[in-house]
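Chemist:
In my numbering, the protein residues as written are 121 to 390.
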């Protein structure tokens, strides 16, 4: 990350003008709105009155531990394979710990790729920047994104919120949106006894229908397999996802076989 590469992604969240590298650790637009860049290499562009909060450190620690054990490597590898080989500028919207973006960048190591990690959680963006060497921005996906028009070849969104009109604006024409959603079988063993939240069986179909006014559907790839998890891994899995916002993770410490099943939806911007 450099100040120049970070600025190339960004527009002012107040007026929409491009941000430029104006001074050490400062970005500024032509209308004199300025923003301090964290010395760790990212900028926070969330409005001061935005009360939304992202994942906290405990959730991210659980995610780091679970993902480092390799349980979602098959999903990571399928996401990387879905990225076009000629993509040069990639945004991970809802980047979390940077696990999936790191996989994409590793698969693209033979060519020059610029990447941006975006998340509502400053701690998540910090970890992504540290793990991947990408640029980083703290921003709320539900609001207009502080990203320039047509600045990305690919947007990834893995188990994360989606703002389809904003993604369409940020992608170049024919750019790719790659979305990972849980299928109806994902974590079914944990959902059966109420430890994980219910998942609609038709999430991929509903996403394609919702996106049809802005994107053409390229296809859906299902990745499904069984995970043999010890009690600690189950605790990490429950603590890292949306269930952590609703209830305390609960496991009796026994090993369990749990289904991973996701749909990777590839969409092309018109």
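For every residue, glycine included, the Cβ atom is placed at its ideal position computed from N, Cα and C.
Where do the ends of the alpha helix (DSSP H) carrying residue 360 lie?
Modeler: Here the alpha helix (DSSP H) through residue 360 covers 351–360.
Chemist: Report, in whole angstroms, the separation of the C-beta atoms of residue 289 and residue 269, which I expect to be a contact under 8 Å.
Modeler: Yes, residue 289 and residue 269 are in contact; Cβ-Cβ is about 6 Å, under 8 Å.
Chemist: Could you give the first and the last residue of the continuous beta strand (DSSP E) run that contains residue 295?
Modeler: Where residue 295 is concerned, the enclosing beta strand (DSSP E) stretches over 291–302.
Chemist: Could you tell me how far apart the beta carbons of residue 192 and residue 380 are, in whole angstroms, since I believe they sit closer than 8 Å?
Modeler: 7 Å between Cβ atoms; contact.
Chemist: Alpha carbon to alpha carbon, how far is residue 238 from residue 149? Give it in angstroms, no decimals.
Modeler: One C-alpha to the other measures close to 20 Å.
Chemist: What residues in its chain sit with their C-beta under 7 Å from that of residue 376, if we drop five residues either side in the sequence?
Modeler: So the list reads 309, 349 and 354, once near-sequence residues are dropped.
Chemist: If we call anything under 9 Å between Cβ atoms a contact, is residue 179 one with residue 359?
Modeler: For residue 179 and residue 359, yes; Cβs fall inside 9 Å.
Chemist: Have a look at 202, 128, 266 and 160 and flag the residue whose alpha-carbon is nearest the alpha-carbon of residue 338.
Modeler: Out of 202, 128, 266 and 160, 202 has the C-alpha closest to the C-alpha of residue 338.
Chemist: Would residue 351 and residue 374 be called neighbours here (beta carbons separated by less than 9 Å)?
Modeler: Yes, these two residues count as a Cβ contact at 9 Å.
Chemist: Pull the bridge partners of residue 219 from the DSSP assignment, please.
Modeler: None, per the DSSP bridge assignment.
Chemist: Looking only at its chain, what residues have a beta carbon closer than 6 Å to the beta carbon of residue 357, apart from the 5 residues adjacent to it on each side?
Modeler: These residues qualify, in order along the chain: 186.
Chemist: Can you give the Cα-Cα distance for residue 382 and residue 145, rounded to whole angstroms?
Modeler: Distance between the alpha carbons of residue 382 and residue 145 is about 40 Å.
Chemist: Comparing C-alpha positions only, which one of 131, 319, 223 and 281 sits nearest to residue 262?
Modeler: For the residues 131, 319, 223 and 281, the minimum Cα distance to residue 262 belongs to 281.
Chemist: The beta strand (DSSP E) that contains residue 376, what's its start and end?
Modeler: 376–389 is the span of the beta strand (DSSP E), which, as asked, contains residue 376.
Chemist: Measure the Cβ-Cβ separation of residue 267 and residue 236 and say whether it is below 9 Å.
Modeler: Cβ distance < 9 Å, so residue 267 and residue 236 count as in contact.
Chemist: Output the distance between the C-alpha atoms of residue 368 and residue 169, rounded to the nearest integer angstrom.
Modeler: Any reading at residue 368 is ruled out, since the residue's pLDDT is 49, under 50, leaving its predicted position unreliable.
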